[in-house]
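Trainee: Chains as they are written, first to last, in our numbering: chain A, 1 to 455; chain B, 456 to 1392.
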Amino acid sequence: MNVRFIMHRTTSLLSLALAFSFALTSLAEEPVSFRKDLAPILLDQCLACHGPKKAEGGLRVDSFERVTKEGDSGSPGFVGNDLDLSEAFRRMASDDADERMPAEADAIPAEQLALFKRWIEEGAKFDGEDPTADLITIVPAPTHPEPPAAYRYAMPVAAVTFSPDGNEVIAGGYHELTVWNPVDGKLIRRIKNVGQRTRALSLSPDGKLLAVGCGAPGRLGETRVFDMANGEVVNVLGTTSDEVLDVAFSLQGDRLAVGAADGTIRVFEMPSGKEQLSITSHSDWVMALAWNADGTKLASGSRDKTAKIFDAKTGELLVTYSGHGNAVKGVAFHPENKDVFSAGTDNKIHRWQIADAKKTADVGFGGEVFKLPLSGEFLFASSADKTVRQFEAKTQKQLRAFAGHQDWALSVAYHAGTKRVASGGFDGSIHIWNAEDGKEVASFFAAPGYETVAK
Amino acid sequence: MKMAVQGIRTGAFVVVAFAAAIGLTRADDFKLEAIRVGEPQRIEVFPPAVKLAGVREQMQLVVTGYYADGSLQDLTRAAEFASSNAEIFTLAGSVVRPKADGSADLKVSVGGKEASIAVQVANQGTPQTVSFEYGTLAALSKQGCNAGACHGSPSGKGGFRLSLRAFDPELDKLTLIHEDFGRRTNALDPAESLLLLKPLMKVPHGGGLKVRASDPAYKVIHDWIAEGCKLDPPEQARVVKLEVYPPSGRLLKRPAHTQQLSILAHYTDGSVRDVTELAVYTSSDEAVASVTEAGLVVGKDRGEAAIIVRYKEFIESSFVTFVRDIEGFAWTNPPTNNYIDEAVDAKLQQLKFLPSNVCTDDEFIRRVYLDVIGILPTVDEVQKFSTDAASDKRSQLINQLLERPEFAKFWTLKWGDLLRLTSKQVGGDGVYKYHRWVERAIAANLPYDKFARELLTARGSSHLNPPANFYRTAADTNDCVETISQVFLGARLQCAKCHNHPFERWTQDNYYGMAAFFNRVQRKKTPKPDETFIWVSSKGEVTQPRTGKQMKPWLPGDGDVEQAEVDDRREIFADWLTRPDNPFFAKIEANRIWSHLLGRGIVDPPDDFRDSNPPSNAALLESLSADFVKSGFDRKHVIRTILNSRTYQSSFEPNDFNKDDTKYFSHYQPRLLSAEQLLDAICHVTSVPEKFGSLPLTTKATQLPAPDLVKHEFLKIFGQPERQTVCQCERSSESNLGMAIQFFNGPLIYNKLRDGNNRFRQLLNQKKADQEIISELHLAAVNRPPTEKELAATMKHISSKDVQIAAHNTETDVKIAAMNKAVADMRKTFEVKLFDAKLQTIPDAIRVDAKAALATEAGKRNEVQKYLVAKLGPSLTVTVEEVTNALDEAAKKMVADSTTQIAELQKLKQAPGSRRIEALEDVCWALLNTNEFLFQH
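See the structure below:
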């Protein structure tokens, strides 16, 4: 299997998943699975023109129900036991270049076409649970390609966190997480089978599980839950069609909140991974999430220019804050739980009251503000002004500014035990700071082999 | 009357539609004629030598064949190219691509002729990175990603915002590289970048398919990402000039109808690179020619097109003329009256259009009155002109009209539109003063340069110096820049306030550079009502909002003004503007005058001069404006010269060889009279003047100082502008339903037709014969006597009125009878009720007998019945009065209503003598509804 993946590393993730499943099914001659075998092809080859954005010919392929419905031609996409009436199949198999699908592109490979044929002949059955579910959510979670052995370019570090003991810094890489020694910047290990880009990391309070919000821009988003002990994937949650942008464990560790580019906030029971809530109150990307101390409220920030507070049990919207007038990229609860901090593209942290959404204070930056993690009595912020700042959370008094990033500081994490701050930059660097004196402890590129390549 | 109604022209904003859908056209989209190479005398290859100094460079060649008859054609598609050393360079069609350092020859052969050019290749061993600005941003422009309707809109599309046509590389750098954690690019796996997957439609994209993997732009963007999305080093050479080959002036004759372009960018370091693949092409007239994405111009019809080439902020154009043989066409050498006809004829002959004949005297007098003084000639004036035998009577008439006071009044209306004369903007008193100043300037024929200077440098009290009102309507610095550039430079500069003009060479820097002439103008209200004092401060600079740079005053063509510390910078601007060699000033006004007289500018819309909107006859505009300058900016002279031309005097009726022409002035273009002209014309035909508020009754609609002094519904409906903008397009010339309703049954026309003292009622009172009256109505409305056929038809209508009146009266009688019956029936029901009540008062025993006796006819009653009737009759009789008293409210109302209606119906019945009046109302109404009346023709 791995050999196959390496060979195909440059092809798309979905075709990889397909290649994998195809290999299995063709060997066993099991019945063709719509979920595993065909849905990935439809997503890869057809969705762009036959989806919610464009429904060419009146046909959409984003759910089983839709793909078996009639399009403008009057014939359904696929009908069991009838190859001629299955319009989608007929068009894919056509010899006429003007008629053949996908339009203005190479024909679907013969072995894939053979799968469709066999599936129709087997009755065109649906092997999922909900025929109206989005295809992306029923396709089996892919095994992601190997990360590059050595990075030609360092990728922006959009997410960073400390291991529970503070002896490791974990950063998002390209199809992987990289684990570093915060003192000397040495690579400790690489955790593979991660989505293309990692946007968020959240460690369970007991330190056993690591939730990774990842995905491929415009194609896939998922939350992968890793076992910290062995680096294996234990669960893949909330698969969606665009990146997962933030993940947050509740302080009790019993729930995980996930915000994604589909505008939805999903709450999962942990460790079971059962979906409890799906909140669709935001009209654009959900970019930031935070729980209050007792786990009764959930705060969110979105590209729709609002921050919101929800009842974490019912998902009911409690309050909307529109004071930023621009995208909100970070949120945190004030330690006394009556106020909320939010920050974003207006280059400011706002402090506002949950009761009436009234702003009571703000803090200005020289560029947009990204992550806003709260750790005990401290609030941290990373900013496009290339600084990371530490505040006394109660009073939002700035305690320290850590300067040294050569490019935007995207992410920040704090380890109370070691009193170290880790921050990730757009240029792929990680800087480790001593929160006591503000001095830099170490800095390195979170890209295995990059410096060698760069030289 | 066959009048071309389609002559109604729309004057709205010109929306330059850049190619939509995939956006770019390919040669396959057209049916290309095979090149007939024939026997060229010689061939020429562009460029004369090729130097490729980088792995990413290439060169588009253009091969031209020159023929014995003086013609030429593009042979690039037919030529064969060969490399003397395929190790040094290779050929992909007519494009040279480098391979290894060294020199070799390129052989070109076609039509039995050969040419050879030297090709030098260098730097093939060193990598050449893609430039962010000149590669990536140019590629995004090429594919239309940053177009105004897509990601170039101020808020972007789908959360992805680019600067409009890449005018702001700083913003694009942020969006493409940094924004949203760099999600749009993927340097480790470039083909997986969202920036490429979306336009390829590998990932759903609201804009659809916008690029193919085989497009040059794809490779540029892909490679830029693969190289790590690098920005250009500050020391990188910058483009300073864009060269388009061939330059303007190519003339192609079918079957030759294609022209390959080669676009060269010249850099600060002296290097030259071919950017044909990444330049963006548009045609000023898609009906005449299109351009493929590879820079192949494809002619579609005869005519001229400006091919606009855009690369980054550089815009250049090349005019190409397409001609073809027209079967049966022969130039007839029509007589010319002056240089105008010569210039028009040269273009017509080239494009093979034949000018129409000269219009009739009747047509001429109507046309010239409307154009010069805005009103129709009187009946006497028409008759006098038609009987005048002088051979130069048209010129004489033109001279007379130009000296009439109505001339200045009417042309003040046109300038009033441009100067935004409204009482709202310059005050109730101010508007009269300002209007009078303009009128006097025109009446005195104040040279146009002085006119402009007085406006532009005005200062002091707006009451004592009315031109100072110019800076009241142009109420702030931005308004000054936009107003002055549109009125005097013919450029719509509004776009450049926020970003570089998307289609033109005007940049945001230019906008604020011009602003630096006018930002010191100060406006102060004085204690007097409606008075503003204009003065000029000695300080104050303009800051470009995007760059934060302080701007020096800037003049188009001249550049920054270094010595700007003078009392009034506006003087510098006015000096430059009114210089005889100013490239805009005279041309704009000459063209504006032309468009007033011919209904269409040589550049049209007349206040929208830009490369992408070229003149339809550049030589004509040149000679017109040169004459204007030479005359000392004498506007009357220009008007007189145009009016005397055969071109102006040509018939509106097209011939077989010019009916497709709408822009080369081969025939006169009919157009709807303007709102004011139309209202005055109606008043003239009916002899019932319109009273405008407190203005004297002699004030005509074409002489109103401002549209908001007296609001007039009819004028509004017919497109009178509110004068809120300086755009000539604000005066609407579109036709609408409201107009049709006004003419069909509107109150204005109805009242004038019914007026007791109108033209035909006066004539009736003078005991004129029908025929005389009909004739005079025609002379007044369409400025010619009726034809035999029209006269016969009209007379027939008058006589048929008798029959119609009889039928009408009979119909009315029937209606009256029906109403009377309804009333009678209703009264009967009350009568019956009253009778029954009386019957109840007599003893039961005889009640039935008495009723029967009364019901029996008097002659047939027996004795008993006679007795009963005699005894009981009087007491049982119900009188009319009793019934009337007994009526309830509803019944009373019905009787009253019926009585009123019947009285009105009686009035509608017409005596036989009323027929002439009504018939003449019909005739006059019909005349006002003819195209011949409604249109200037």
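C-beta: ideal position from N, C-alpha, C; glycine also.
Quick caveat, the model's predicted, so the values are computed rather than measured.
Report, in whole angstroms, the separation of the C-beta atoms of A307 (chain A) and S342 (chain A), which I expect to be a contact under 8 Å.
Mentor: Taking the first sequence and counting its residues from 1, the one referred to as residue 307 (chain A) is at position 307. Taking the first sequence and counting its residues from 1, the one referred to as residue 342 (chain A) is at position 342. That pair is a contact at about 4 Å.
Trainee: Along the beta strand (DSSP E) that carries V976 (chain B), what are the first and last residues, could you check?
Mentor: What you label residue 976 (chain B) is simply residue 521 of the second sequence in a count that begins at 1. Taken as a continuous stretch (DSSP letters only), the beta strand (DSSP E) holding V976 (chain B) covers V976 to K980.
Trainee: What residue range does the alpha helix (DSSP H) around I430 (chain B) cover?
Mentor: Within the shown structure, residues of chain B are numbered from 456 to 1392, placing residue 430 (chain B) beyond reach of any answer.
Trainee: Which runs of the alpha helix (DSSP H) spanning at least 4 residues fall entirely within the segment 577-612 of chain B, listed in chain order?
Mentor: 593-597
Trainee: Write down every uninterrupted run of the alpha helix (DSSP H) in the segment 117-176 of chain A whose length is 4 residues or greater and which is fully enclosed by it, in chain order.
Mentor: 135-138
Trainee: Under 8 Å, Cβ to Cβ, is there at least one residue of chain A near P659 (chain B)?
Mentor: Locating residue 659 (chain B) in the second sequence gives position 204, where the first residue counts as 1. Yes, contact with chain A.
Trainee: How big is the Cα-Cα spacing for G915 (chain B) and L1052 (chain B)?
Mentor: Taking the second sequence and counting its residues from 1, the one referred to as residue 915 (chain B) is at position 460. Taking the second sequence and counting its residues from 1, the one referred to as residue 1052 (chain B) is at position 597. In a straight line, the C-alpha of G915 (chain B) is about 36 Å away from that of L1052 (chain B).
Trainee: Measure from the C-beta of F906 (chain B) to each C-beta in chain A and report whether the shortest distance is under 8 Å.
Mentor: On the second sequence, position 451 is the one that residue 906 (chain B) refers to. Not one chain A Cβ lies under 8 Å of F906 (chain B).
Trainee: Got a sec: which bits of the segment 147-160 of chain A sit with their beta carbon under 8 Å from any beta carbon on chain B, in order along the chain?
Mentor: For the segment 147-160 of chain A, which is checked against every Cβ of chain B, the residues closer than 8 Å are P148, Y151, R152, Y153, M155, P156 and A158.
Trainee: For D311 (chain A), which three-state DSSP category applies?
Mentor: Within the first sequence, numbered from 1, the residue matching residue 311 (chain A) stands at position 311. The answer is strand: DSSP assigns D311 (chain A) an E or B state.
Trainee: Pop quiz: K1118 (chain B) and S1071 (chain B) are said to be a contact at Cβ under 8 Å. What is the actual Cβ separation, rounded to whole angstroms?
Mentor: Within the second sequence, the letter at position 663 stands for residue 1118 (chain B). Within the second sequence, the letter at position 616 stands for residue 1071 (chain B). Contact between K1118 (chain B) and S1071 (chain B) holds: their C-beta atoms lie close to 4 Å from each other, under 8 Å.
Trainee: Can you tell me whether L24 (chain A) is helix, strand or coil according to DSSP?
Mentor: Indexing the first sequence from 1 puts residue 24 (chain A) at position 24. At L24 (chain A), the pLDDT of 44 sits below 50, so the modelled position is not reliable; the number obtained from the coordinates is stated separately. In the structure shown, the three-state DSSP call for L24 (chain A) is helix.
Trainee: Which of the three DSSP states, helix, strand or coil, is assigned to F1107 (chain B)?
Mentor: Here residue 1107 (chain B) corresponds to residue number 652 of the second sequence, with the count starting at 1. Looking at F1107 (chain B) - three-state DSSP - the assignment turns out to be coil, as it is neither helix nor strand.
Trainee: I need the DSSP call for R638 (chain B), collapsed to helix, strand or coil.
Mentor: As a first step, residue 638 (chain B) is located in the second sequence; it is residue number 183 there, counting from the start. R638 (chain B) falls in the coil class under three-state DSSP.
Trainee: Is there contact between the segment 151-162 of chain A and the segment 641-656 of chain B, where contact requires at least three CB pairs shorter than 8 Å?
Mentor: yes
Trainee: Whose Cβ in chain A lies nearer than 7 Å to the Cβ of H633 (chain B)?
Mentor: Taking the second sequence and counting its residues from 1, one reaches residue 633 (chain B) at position 178. Per Cβ cutoff of 7 Å: W408 and F426.
Trainee: Does E243 (chain A) get closer than 8 Å to chain B when you measure Cβ to Cβ?
Mentor: Numbered from its first residue, the first sequence carries residue 243 (chain A) at position 243. Taking 8 Å as the CB threshold, E243 (chain A) lines the interface with chain B.
Trainee: When Cβ atoms are compared, which residues of the segment 215-246 of chain A fall closer than 8 Å to chain B?
Mentor: Per Cβ criterion, the list reads A216, P217, G218, R219 and E243.
Trainee: Could you list which residues in chain A have their beta carbon closer than 8 Å to that of L652 (chain B), in chain order?
Mentor: The count along the second sequence starts at 1 and reaches residue 652 (chain B) at position 197. Under the 8 Å cutoff, chain A gives G218 and R219.
Trainee: Whose C-alpha, out of B:S1100, B:S1353 and B:A508, is nearest the C-alpha of N793 (chain B)?
Mentor: For the purposes of this step, residue 793 (chain B) is taken as the residue at position 338 of the second sequence. For the residues B:S1100, B:S1353 and B:A508, the minimum Cα distance to N793 (chain B) belongs to B:S1100.
Trainee: On the criterion of 16 or more Cβ atoms from any shown chain inside 10 Å, does D524 (chain B) qualify as buried, or is it exposed?
Mentor: Taking the first residue of the second sequence as 1, we reach residue 524 (chain B) at position 69. Result: exposed.
Trainee: Considering only the beta carbon of each residue, do K755 (chain B) and S745 (chain B) sit closer than 8 Å?
Mentor: Taking the first residue of the second sequence as 1, we reach residue 755 (chain B) at position 300. Taking the first residue of the second sequence as 1, we reach residue 745 (chain B) at position 290. A contact, by the Cβ cut-off of 8 Å.
Trainee: Out of curiosity, what's the CA-to-CA distance linking S250 (chain A) and V212 (chain A)?
Mentor: As a working note, residue 250 (chain A) is residue 250 in the first sequence. As a working note, residue 212 (chain A) is residue 212 in the first sequence. Going from the Cα of S250 (chain A) to the Cα of V212 (chain A) covers about 15 Å.
Trainee: Checking 8 Å against the spacing of the C-beta atoms, do G295 (chain A) and R266 (chain A) come in under that value?
Mentor: Here the question's residue 295 (chain A) lines up with position 295 in the first sequence. Here the question's residue 266 (chain A) lines up with position 266 in the first sequence. Cβ atoms of G295 (chain A) and R266 (chain A): not closer than 8 Å.
Trainee: Anything in chain B within Cβ reach of Y174 (chain A), meaning under 9 Å, just list it in chain order.
Mentor: As a position in the first sequence, residue 174 (chain A) is number 174, starting the count at 1. Result: N641, L643 and D644.
Trainee: Would DSSP call P76 (chain A) helix, strand or coil?
Mentor: Taking the first residue of the first sequence as position 1, residue 76 (chain A) is located at position 76. Of the three classes helix, strand and coil, the one that applies to P76 (chain A) here is strand, per DSSP.
Trainee: Starting from G51 (chain A), find everything on chain B with Cβ-Cβ shorter than 8 Å and list it in chain order.
Mentor: As a first step, residue 51 (chain A) must be located in the first sequence, where it is residue number 51. Taking a Cβ-Cβ cut-off of 8 Å, the neighbours of G51 (chain A) in chain B comprise P659, given in sequence order.
Trainee: Let me know the beta strand (DSSP E) ranges lying completely inside the segment 483-520 of chain B, each 3 residues or longer, listed in chain order.
Mentor: 497-501 and 504-507
Trainee: Would you mind stating whether D385 (chain A) and F365 (chain A) have Cβ atoms separated by less than 8 Å?
Mentor: As a working note, residue 385 (chain A) is residue 385 in the first sequence. As a working note, residue 365 (chain A) is residue 365 in the first sequence. Yes, the Cβ-Cβ distance between D385 (chain A) and F365 (chain A) is below 8 Å.
Trainee: At a CB-CB cut-off below 7 Å, which residues of chain A make contact with L649 (chain B)?
Mentor: Position 194 of the second sequence, counting from 1, holds the residue named residue 649 (chain B). Within 7 Å Cβ-Cβ: P217 and G218.
Trainee: Secondary structure at A105 (chain A), three-state DSSP: helix, strand or coil?
Mentor: In the first sequence, counting from the first residue as 1, residue 105 (chain A) sits at position 105. Coil at A105 (chain A), not helix or strand.
Trainee: For the beta strand (DSSP E) holding D670 (chain B), just list the boundary residues, first then last.
Mentor: As a first step, residue 670 (chain B) must be located in the second sequence, where it is residue number 215. Following the DSSP letters along the chain, one finds D670 (chain B) in no beta strand (DSSP E), marked with neither H nor E.
Trainee: Please state the DSSP three-state secondary structure of V1333 (chain B).
Mentor: Here residue 1333 (chain B) corresponds to residue number 878 of the second sequence, with the count starting at 1. Here V1333 (chain B) sits in coil by DSSP.
Trainee: Roughly how many whole angstroms lie between the Cα atoms of T1180 (chain B) and D934 (chain B)?
Mentor: Reading the second sequence from its first residue, position 725 is the one you call residue 1180 (chain B). Reading the second sequence from its first residue, position 479 is the one you call residue 934 (chain B). Their backbone Cα atoms lie some 10 Å apart in a straight line.
Trainee: Using a Cβ cut-off of 9 Å, pull out every chain B residue sitting near R303 (chain A), in sequence order please.
Mentor: As a position in the first sequence, residue 303 (chain A) is number 303, starting the count at 1. G614 and D635, listed in chain order.
Trainee: Report yes or no: do three or more beta-carbon pairs, one from the segment 667-685 of chain B and one from the segment 494-501 of chain B, lie closer than 8 Å?
Mentor: With fewer than three CB-CB distances shorter than 8 Å, the segment 667-685 of chain B does not count as touching the segment 494-501 of chain B.
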